[in-house]
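Here the structure comes first, spelled out in structure tokens, and everything after it is commentary.
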Amino acid sequence: MSANQNLNAALGALESKLETLKTLTDANQFMVEALKEQGEALQAMAAGPARKMLRDQARAKFSPDGGSTPNPAVLAILEKSLGSGQSAQIIAFPAAGGA
Numbered sequence: 389m390s391a392n393q394n395l396n397a398a399l400g401a402l403e404s405k406l407e408t409l410k411t412l413t414d415a416n417q418f419m420v421e422a423l424k425e426q427g428e429a430l431q432a433m434a435a436g437p438a439r440k441m442l443r444d445q446a447r448a449k450f451s452p453d454g455g456s457t458p459n460p461a462v463l464a465i466l467e468k469s470l471g472s473g474q475s476a477q478i479i480a481f482p483a484a485g486g487a
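Here it is, written out as structure tokens:
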């Protein structure tokens, strides 16, 4: 493999990781803003209703079907993060070899 091919492969891998990082950053930003703006209300709620409220807000914002800022990748992360049994926490970056 030539040096140019190696460089192109490395740049492709880097681009993929940067896209993943951007998606995770956008999901985390959504959570930070929600907690900043609605923290007291969320803390007063039971976990299930709080997660549902955040999922509904995430769908309204990121849904590819009419969301205000459509982004299915961000929505998928938030749906998983806010699914049952999960807490509404900042989403961790995946371990090496993930995503």
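Residues 389 to 487 in the working numbering are what the sequence shown spells out, letter by letter.
Just so you know, even glycine gets a beta-carbon here, dropped at the ideal spot from N, CA and C.
Within the same chain, show all residues whose beta-carbon is closer than 6 Å to that of residue i, passing over the 5 residues directly before and after it, in chain order.
i    : result
Q426 : none
Would residue i be called buried (16 or more neighbouring beta carbons within 10 Å of its own) or exposed?
i    : result
N416 : buried
V462 : buried
L409 : exposed
Assuming contact is defined by CB atoms lying nearer than 9 Å, are residue i and residue j in contact in what I supplied?
i    : j    : result
S469 : P460 : no
What distance in whole Å lies between the Cβ atoms of residue j and residue i, which are believed to be in contact at a cut-off of 8 Å?
i    : j    : result
K449 : F418 : 7 Å
G455 : R447 : 7 Å
A422 : L442 : 6 Å
Here's a check: name, in chain order, each residue in its chain whose Cβ is nearer than 8 Å to the Cβ of residue i, leaving out the five neighbours to either side.
i    : result
P458 : F450, S451, P452
Going along the chain, which residues of its own chain have a beta-carbon closer than 7 Å to the beta-carbon of residue i, five neighbours each way excluded?
i    : result
A434 : none
A487 : In this predicted model, A487 has a pLDDT of only 46, less than 50, meaning its place in the structure is not dependable; the value taken from the coordinates is given anyway. The residues are T408.
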